[in-house]
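Student: Counting in our numbering, the sequence shown runs from 2 upward without gaps.
Have a look at this one.
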Amino acid sequence: MTGSEAPDAAAQISGAVAALAAGAVIGIPTDTVYGLAVDPTRQGAVDALFAVKRRPGSVEIPVLVADLAQAETFAVLEGPAAKLAQRHWPGALTIVVARRPGVDWALGGDGASVGVRCPDLEVVRALCAATGPLAVTSANLHGEPPLHEAAQLRALFGDALGSVVDGGTRDGAPSTVVDCRVTPPACLRRGALAWEEVLATIGS
2 MTGSEAPDAA AQISGAVAAL AAGAVIGIPT DTVYGLAVDP TRQGAVDALF
52 AVKRRPGSVE IPVLVADLAQ AETFAVLEGP AAKLAQRHWP GALTIVVARR
102 PGVDWALGGD GASVGVRCPD LEVVRALCAA TGPLAVTSAN LHGEPPLHEA
152 AQLRALFGDA LGSVVDGGTR DGAPSTVVDC RVTPPACLRR GALAWEEVLA
202 TIGS
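This is how it looks when you write it as structure tokens:
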């Protein structure tokens with residue numbers, strides 16, 4: 002991965018927080034690639050995200066968090082899921098688990114599960130700490146390659162984004178996705194974290 006966080010990160014975060022509070026879709030860097038983010042608690046925000054990305058509602062949007070404690074407010078992280086989060090977060094590992102009762106965010110998918118990740122990038126964790134968990138998907142049109150520069154987001158999405166946080170070039174490998182709803186946990190996508198490391202952590 003190359004690039005660095007912009008020097009005016011505090012001002013960018015402030016603008017992003019305001020846009021998220023208004024229910025807008027924003028562009029953010031992550032430790033993998035750029036993402037499109039919304040506050041899932043804002044009415045209509047996730048629908049706007051699906052529309053901007055042109056993503057079918059059957060494909061669930063994952064959630065990024067500031068830390069493990071924030072994840073546990075809406076996701077059931079027990080057993081292997083807890084071991085993985087404690088060992089590999091912050092990092093490029095998305096863990097799919099059951100939602101806690103009463104969490105009715107319209108993220109797509111089956112409505113009962115959620116993919117959750119704590120990214121290894123300070124600016125994103127700071128944003129989640131300020132706003133709460135964020136529904137985030139890669140910044141691209143559905144089925145197209147992800148974007149690696151803030152300028153690319155501005156060119157492709159224009160006024161559809163309420164804010165874009167510039168984090169330099171972001172060209173990391175996608176996160177590894179592990180389904181912890183099944184026993185033993187299953188690999189849904191191989192990515193930056195080697196599957197062998199996942200298995201070593203859960204003792205399989």
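Note that beta-carbon positions come from the ideal geometry of N, C-alpha and C, so glycine has one too.
Determine, using beta-carbon pairs with one atom in the segment 112 to 126 and one in the segment 31 to 42, whether at least three such pairs fall under 8 Å.
Tutor: yes
Student: On the DSSP letters alone, give me the boundaries of the beta strand (DSSP E) that D9 sits inside.
Tutor: D9 -> no beta strand (DSSP E), and no H or E assigned at all.
Student: Compute the Euclidean distance between the alpha carbons of L85 and L69, then round it to the nearest angstrom.
Tutor: 11 Å
Student: Going residue by residue through the segment 68 to 153, where are the continuous alpha helix (DSSP H) segments of at least 4 residues, counting only ones entirely within it?
Tutor: 69 to 72, 81 to 89, 123 to 132
Student: What number of angstroms, rounded off, separates the C-alpha of T138 from the C-alpha of G204?
Tutor: Roughly 30 Å between the two C-alpha positions.
Student: So what does DSSP say about A23, is it helix, strand or coil?
Tutor: DSSP, read as helix, strand or coil, puts A23 in coil.
Student: Counting Cβ pairs closer than 8 Å, one from the segment 15 to 24 and one from the segment 161 to 168, do we hit at least three?
Tutor: yes
Student: Using beta-carbon positions only, say whether V143 and R56 come within less than 7 Å of one another.
Tutor: Checking the sequence, you will find His at residue 143 rather than Val. Contact flag set, yes.
Student: Determine the DSSP secondary structure at L194, reduced to helix, strand or coil.
Tutor: coil
Student: Can the beta-carbon of L135 be found less than 7 Å from the beta-carbon of A38?
Tutor: L135 places its beta carbon less than 7 Å from that of A38.
Student: Under 7 Å Cβ to Cβ from A113, same chain only, skipping five residues before and after it: list those, please.
Tutor: Excluding positions up to five away in sequence, the list reads A99, R100.
Student: State the Cα-Cα distance for the pair E79 and A187, rounded to the nearest angstrom.
Tutor: 15 Å
Student: Let's see if you can read the secondary structure: which residues bound the beta strand (DSSP E) around L37?
Tutor: 35 to 39
Student: Suppose contacts are defined by Cβ-Cβ distances below 7 Å. Is A76 in contact with V115 by that definition?
Tutor: yes
Student: Taking the C-alpha atoms as reference points, what is the distance between H89 and R118?
Tutor: 10 Å
Student: State the start and end residues of the unbroken alpha helix (DSSP H) segment that holds D160.
Tutor: That residue, D160, is in no alpha helix (DSSP H); it is neither H nor E in DSSP.
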